[in-house]
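K.L.:
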């Protein structure tokens, strides 16, 4: 079981974006669902990847689940609460 230090904890915005990515769809679809610019989505994912040292989006989702920042059943439609 892995815990996360404050420096590696994702922001609420990063978690919301990552949740939508985990549910499926590309950057444009996620941006539309969240009412954001695709560049904002890209930036949030890039920042989250740097924090968690992820090599890809799939790796980012996996790390976020392992560090208990994202629920395991996120793709099934659970909500992220902070």
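In our numbering, the protein residues as written are -19 to 62.
Glycine residues also receive a C-beta, built at the ideal position from the N, C-alpha and C atoms.
These numbers come from a predicted model, not from an experiment.
What is the rounded straight-line gap between the Cα of residue 54 and the Cα of residue 39?
P.N.:
Approximately 15 Å, taken between the alpha carbons.
K.L.:
Roughly how many angstroms lie between the CA atoms of residue 18 and residue -5, to the nearest whole one?
P.N.:
Answer to the nearest angstrom: the Cα atoms are 16 Å apart.
K.L.:
Check whether the Cβ atoms of residue -3 and residue 25 sit closer than 8 Å, and answer yes or no.
P.N.:
For residue -3 and residue 25, yes; Cβs fall inside 8 Å.
K.L.:
Check whether the Cβ atoms of residue 37 and residue 1 sit closer than 8 Å, and answer yes or no.
P.N.:
Yes. Within cutoff.
K.L.:
Which of helix, strand or coil does DSSP assign to residue -1?
P.N.:
Helix, per DSSP.
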